[in-house]
Structure formats: structure tokens, C-alpha cells
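I have placed the structure first, in the form of C-alpha cells, so that the comments after it can refer back to it.
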Amino acid sequence: AVMAWLVRWRMPHVAIVAGSRYERIILGVLIIAATVWVFGGTPGSPDSLLNMPVVPLALLVVAAFRLAPRWVFAFSTVAILLAAEHASRGHGPCAEEEDAFARVIKLQLYLATVASFTFMISVALLERGRLTVALTRSRERLLTRWSDFTATRSKSV
């Protein structure tokens with residue numbers, strides 16, 4: 010996750026969807042707060058009923074649609090690191106399992122889902138944006154060539 014973030018951060022020219030500064034700040038704070046809330050709670054406490062691991066994932070999906078991929082990778086990397094840190098201390102929804110192997114598998118499955126899902130959405134949206142720009146340019150070139158062709162054809166007749 011960290012390597013994907015570093016590679017994507019070094020390539021700012023690939024950002025088609027930028028999002029405003031305030032939107033990045035709000036989504037970043039919400040993602041970090043939701044991750045700390047979900048994975049920071051002790052298992053079995055009354056507030057653990059509200060700890061749904063899907064909340065940070067849903068916020069990351071919203072970020073994937075609204076922000077540039079490098080911001081999505083940055084926020085997903087922070088969320089993954091926070092979730093792993095809290096889970097290693099015995100907090101969060103993964104700590105409810107009795108078997109240590111089951112806890113690790115549950116956490117790794119969640120972390121892999123967060124990393125791969127947001128990565129796929131961000132890259133797909135980036136490629137869709139690039140394709141839209143390329144198709145628009147191609148259409149403009151075609152229309153220019155067609156108008157030039159019809160103008161030279163009408164002059165020759």
C-alpha cells in the first residue's frame with residue numbers, strides 16, 4: 010500500500026479529478042476519524058455495536074469518486090496503517106475472534122479489500138477521464154479535417 014502511494018504521489022500529472030482543498034480536508038478527517046473510531050474501540054463494549062468496518066471503506070469509495078488517485082492512495086494508506094496499529098493492540102472488530110489466526114486473516118482480508126477496492130476504482134475513473142479527453146480531442150480533429158475536406162471540395166467544384 011505504501012509503495013502504490015509513493016508511486017502515485019510522484020505522478021501529479023495523471024490527476025484528472027482534483028477535488029477542492031476543503032473537500033480533501035473534510036474527507037481526510039472523516040476517513041481518519043472513522044478508522045480510529047471503528048478500530049480503536051475495545052471489543053465487547055456497548056459502543057462496539059456502532060463499529061462497522063464498512064464506514065471507512067465507504068468514505069474511501071466516496072473519496073475515489075471525488076479526489077485524485079494520489080489523495081485516495083494517501084488516505085487509504087493512512088487508514089490501513091491505523092487499522093493495523095489498533096488491531097495489533099487488540100482493539101477493533103477483528104479482536105472479537107478467539108483464534109489469533111482468525112483475527113489476522115479477518116484483518117488482512119479487510120486491509121486487502123480497502124487497498125484493492127479503492128485502487129481499482131481510482132484507476133478506472135482516471136482511465137475513464139483520460140479516455141474522455143482523448144475522444145474529445147479525436148472528435149475535434151475529425152471535425153476539423155472534415156470541414157477542411159468539404160471546403161477544398163466545394164472550391165474545386
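Its first residue numbered 10, the sequence shown is counted upward by one per residue in the numbering used here.
Beta carbons: idealized from backbone N, C-alpha and C, even for Gly.
None of these values were measured; they are calculated from a predicted model.
Simplified DSSP state of residue i, which is helix, strand or coil
i	result
M129	helix
S168	Residue 168 lies beyond the stretch modelled for the chain, which goes from 10 to 166, so this question has no answer here.
S165	helix
S29	coil
A104	helix
A77	coil
Sub-8 Å separation of residue i and residue j beta-carbons
i	j	result
S85	V47	no
V81	A67	no
E136	R75	no
A143	L116	no
P65	I34	no
Rounded Cβ spacing between residue i and residue j (contact assumed at less than 8 Å)
i	j	result
A104	R112	6 Å
S87	I130	In the sequence on display, residue 87 carries Val and not Ser. Not really, about 17 Å apart at Cβ, beyond 8 Å.
W101	A92	It should be noted that the sequence gives Gly, not Trp, for residue 101. Yes, G101 and A92 are in contact; Cβ-Cβ is about 7 Å, under 8 Å.
V132	P78	7 Å
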